[in-house]
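Protein chains: 2
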Amino acid sequence: MKKLHITGLGLLGGSFALAARQKFHELEISGWDTSEQNLKDAHTLGMIDKAQELPDEDVDLAIIATPADTLASLVSATLDKVGPESLVIDLGSTKSTICKALADHPKRKQFLAGHPIAGTEYSGPRAAFPELLDRKVMILCEMEKTDLHLKEKAYELFDALNLKLRFMEPDEHDKQLAFVSHLSHISSFMLGKTVLQKMEDDKNIFDMAGSGFASTVRLAKSSPSMWAPIFTENKDNILEALDGYIENLQKFRLKIDATSGEDMKSEMAEINSIRDILDLQS
Amino acid sequence: MKKLHITGLGLLGGSFALAARQKFHELEISGWDTSEQNLKDAHTLGMIDKAQELPDEDVDLAIIATPADTLASLVSATLDKVGPESLVIDLGSTKSTICKALADHPKRKQFLAGHPIAGTEYSGPRAAFPELLDRKVMILCEMEKTDLHLKEKAYELFDALNLKLRFMEPDEHDKQLAFVSHLSHISSFMLGKTVLQKMEDDKNIFDMAGSGFASTVRLAKSSPSMWAPIFTENKDNILEALDGYIENLQKFRLKIDATSGEDMKSEMAEINSIRDILDLQS
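From first to last, the protein sequence lines are chains A and B. So in my numbering, spot 240 of the first sequence is number 240, and the numbers just go up one at a time. So in my numbering, spot 59 of the second sequence is number 1059, and the numbers just go up one at a time.
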């Protein structure tokens, strides 16, 4: 791999650039970001060698790492620009919309739909670090629609970055992610909001917050420009997850109100089984 | 300080024992736990020198670190046993009930109501570690009701353990903790439940979970025996916090359903202000 282009030099795009740089010493990286400050930072941090909106025609890989609502047009414009030996990859957190939008593109074979399960609550190039992707899961969708030979170029990068590949259909991806990622962000944002509202009465309320609160509210620091489009694109699945969550909260509320200590205990003990599942992963 | 007694040798009691042991080399520690296994583990881990249900009469400090619903009777029994030079401290996560229960005890002056803002999602002596309390906040309630000379003994321990003391009334404590601790546990348990329910359809759903999910659901590993009594004792404040939370979720749900991207963005951007507050603390 000789030439890499990255559109969107934030946490994810920037981390790909830094990690690729470490693994491929001769690599030439071009990149773009609509934020001038991000573009400047990306230069300073050594992420890109040159700033340009679209990749060179002979680019090996072009990675599009921008908010979900901008992906379809950017992937399309990038495909239009590149030559036959280039692969364009998106890293969006929803996969149905982008796959549908690209279905009839004449260069569909040169597109790969991906989603690395990696991130922090911070955003922008200064939040990026090369280890972000190390040993993380990379989901790939509609694999059969991408050219076999071009996929090898993607594998070369993914393997070098220690990404663990998983393959699933876009619909299945969006359903699962609504539950194990998108819902967590909503619960965290609303928890943050509830405590901020309370702070209007109790100025010092945060002094009493411990590590448990910090952990559950961490995602409320996340970028609104990134998350609002995800909530929109994956609306149906997210509403299903959110309705289930609200119903569970309301049922548990009844148990608290009824002072049903034993009921609460047995419900929580069942949920404790999540320990084994989470521990398996780490 | 020569003699310390700890009732309840779990995460918190055990960590107090281990930390006190490091700071006071001549200290004799007695202790008790209703779980035989915990008592055995506490011996093995060097937390206690001898197992006994109640402290010696000449104990300096007796710390009661058991679930909230057992505190009043244990503190009372311990006060009845000890001599005039002993101080009894509870570490419960709710403070109104215990303070009311002890209000008319003839030895009220020998009792100190405390709550260290420290913990993890794990429980039992094997989860304890001496650094758990280091530089954590220790809330003390109804300070004026405790004997001045006996309080000095508590300060000696708290200072040695680098605890940062805060003083508040029990009602205020319980109100604030409902928002910044108890609500987080409920949100986390119910998030865990929602995803476990979904797992019945999608066996592999947890494979797709990233660090964001792990962070928001971490507290769902917590001990039901510890948390059910807290939800009961602090019911009114928790219901207020939970109702505010559910209302916020329902309102945000409407924005998702209406595809109100800009509305969602501006709401999340406001909540992002929690960044500065959380960063101040760490």
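Built from N, CA and C at the ideal position, the CB exists for glycine as well.
If you look at Ala154/A, you'll find it in the alpha helix (DSSP H) that goes Leu148 to Ala160. With contacts defined as CB atoms closer than 9 Å, Lys1153/B and Asp1058/B fail to qualify as a contacting pair. Between the segment 90-97 of chain A and the segment 106-122 of chain A there are three or more inter-stretch CB-CB distances shorter than 8 Å, so the stretches are counted as touching. Interface flag for Glu1270/B against chain A is set, since a Cβ pair is found closer than 9 Å. When 8 Å is used as the limit between beta carbons, Thr1097/B is near no residue of chain A, the shortest such separation being about 13 Å. Assignment of Val1088/B by DSSP, reduced to helix, strand and coil, places it in the strand class. Where Thr1007/B is concerned, the enclosing beta strand (DSSP E) starts and stops at Lys1003 to Thr1007. Counting along the chain, Met1138/B sits inside the beta strand (DSSP E) bounded by residues Val1137 to Cys1141.
The shortest C-alpha to C-alpha distance from Ala241/A to any of Lys1193/B, Leu1071/B and Asn1272/B is the one to Lys1193/B. Going by beta carbons, Leu219/A and Phe179/A fall outside the 9 Å limit.
In the three-state scheme derived from DSSP, where H, G and I count as helix and E and B as strand, Gly1013/B is classed as helix. Closer than 9 Å to the CB of Glu53/A there is not a single CB belonging to chain B. Under the Cβ criterion of 9 Å, Glu1262/B is counted among the residues facing chain A.
In this structure Thr97/A is in contact with Glu233/A, their Cβ atoms being roughly 5 Å apart against a cut-off of 8 Å. The three-state secondary structure of Glu1172/B, taken from DSSP, is helix. The alpha-carbon separation between Ala62/A and Asn237/A amounts to approximately 29 Å. Judged by DSSP in its simplified three-state form, Pro1116/B adopts strand. For Ala178/A, no alpha helix (DSSP H) encloses it, and the DSSP letter there is neither H nor E. Gly212/A has a beta carbon lying within less than 9 Å of a beta carbon in chain B. Sorting Ala1101/B, His1173/B and Glu1267/B by C-alpha distance to the C-alpha of Asp202/A places His1173/B at the top. DSSP lists no bridge partner for Trp1227/B.
Taken atom to atom, the span from the alpha-carbon of Arg135/A to that of Leu163/A is near 5 Å.
Membership of Glu144/A in any alpha helix (DSSP H) is not indicated, and neither H nor E is assigned to it by DSSP. Judged by DSSP secondary structure, Gly31/A falls outside any alpha helix (DSSP H) and instead within the beta strand (DSSP E) spanning Glu28 to Trp32. Exclusion of the five residues before and after Met1138/B leaves Gly1114, His1115, Pro1116, Ile1117, Phe1158, Leu1163, Lys1164, Leu1165 and Arg1166 as the residues of its chain whose Cβ lies within less than 8 Å of its Cβ. Per the C-alpha coordinates, the member of Thr1216/B, Ser1086/B, Glu1131/B and Lys1109/B positioned closest to Gly1014/B is Glu1131/B.
Distances from the CA of Ile48/A to each of Ala19/A, His149/A, Val195/A and Pro67/A were compared; the closest alpha carbon is that of Ala19/A. If you look at Ala269/A, you'll find it in the alpha helix (DSSP H) that goes Gly261 to Ile271. Within the DSSP bridge table, the entry for Phe1206/B names no partner. Around the beta carbon of Pro224/A, 16 or more other beta carbons sit within 10 angstroms, so the residue counts as buried. By the neighbour-count definition (other C-beta atoms within 10 Å, threshold 16), Lys1251/B is an exposed residue. For Thr1066/B, the nearest beta carbon of chain A is not closer than 9 Å to its own beta carbon. The beta carbon of Gln1052/B sits closer than 6 Å to the beta carbons of Ser1030 from its chain, once the five residues preceding and following it are set aside; these are given in chain order.
The beta-bridge partner set that DSSP reports for Ala1051/B consists of Gly1031/B. For Lys1235/B, the neighbours in chain A by C-beta distance under 8 Å run, in chain order, Ile256, Asp257 and Thr259.
Flagged as an interface residue toward chain B: Ile139/A, by a C-beta distance shorter than 9 Å.
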